[in-house]
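Enquirer: Sharing a structure here in C-alpha cells format.
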Amino acid sequence: MAKKRKVPLRKCVVTQEMMPKGSLIRVVKTKEGEVFVDPTSKRNGRGAYVSKDLQVIDKAEKNGALEKQLEIKIPQEIYDELRKQIEGE
Numbered sequence: 005m006a007k008k009r010k011v012p013l014r015k016c017v018v019t020q021e022m023m024p025k026g027s028l029i030r031v032v033k034t035k036e037g038e039v040f041v042d043p044t045s046k047r048n049g050r051g052a053y054v055s056k057d058l059q060v061i062d063k064a065e066k067n068g069a070l071e072k073q074l075e076i077k078i079p080q081e082i083y084d085e086l087r088k089q090i091e092g093e
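Following this note's numbering, the numbering of the sequence shown begins with 5 at its first residue and continues without gaps.
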C-alpha cells in the first residue's frame, strides 16, 4: 500500500485561509531588506504567502497586508510581478 504524503499547509496573509503550499505565492524579505517574489518557496528570508487570485492581490495592495506581515514598504513592482505570475499560469 502506497503511503499518502502529507500536504504542507500555509496561511494566506490576506484571506487568513489555510491552503496547500502549492496554491500560494511566497513573497520574501531578506535580512538586507530586499523584497522579491519567490516562486520556488526555498529562498532564505522572512516569507509571507498570498493566494493565487488577482482579487486577493488587489486587496493585499489596498489594505497593506504584505507590508504589515513583512514590516517593510512593498514596491509596486512586486504587486505587478505577482499579477504576471497569476496570469501566466
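In this text, a Cβ means the ideal position worked out from N, Cα and C, and glycines have one as well.
For A69, report the span of its alpha helix (DSSP H) as first-last.
Expert: Stepping through the sequence shown from its first residue, residue 69 is reached at position 65. Here the alpha helix (DSSP H) through A69 covers A69 to L74.
Enquirer: Taking buried to mean at least 16 other C-beta atoms within 10 Å of its own C-beta, is L58 buried or exposed?
Expert: Position 54 of the sequence shown, counted from the first residue, corresponds to residue 58. Result: exposed.
Enquirer: Quick check: what's the CA-CA separation for P15 versus K35?
Expert: In the sequence shown, the residue the question calls residue 15 occupies position 11. In the sequence shown, the residue the question calls residue 35 occupies position 31. Note on identity: in this sequence residue 15 is Lys, with Pro being the wrong assignment. Roughly 22 Å separates the two Cα atoms.
Enquirer: Any heavy atom of the ligand NAP closer than 6 Å to the beta-carbon of K72?
Expert: In the structure shown, the ligand NAP is absent, as is every other ligand, since no ligand is present at all.
Enquirer: Based on Cα-Cα distance, which residue from R9, V39 and K7 lies nearest to E81?
Expert: Counted from its first residue, the sequence shown places residue 81 at position 77. Cα-wise, what sits closest to E81 is V39.
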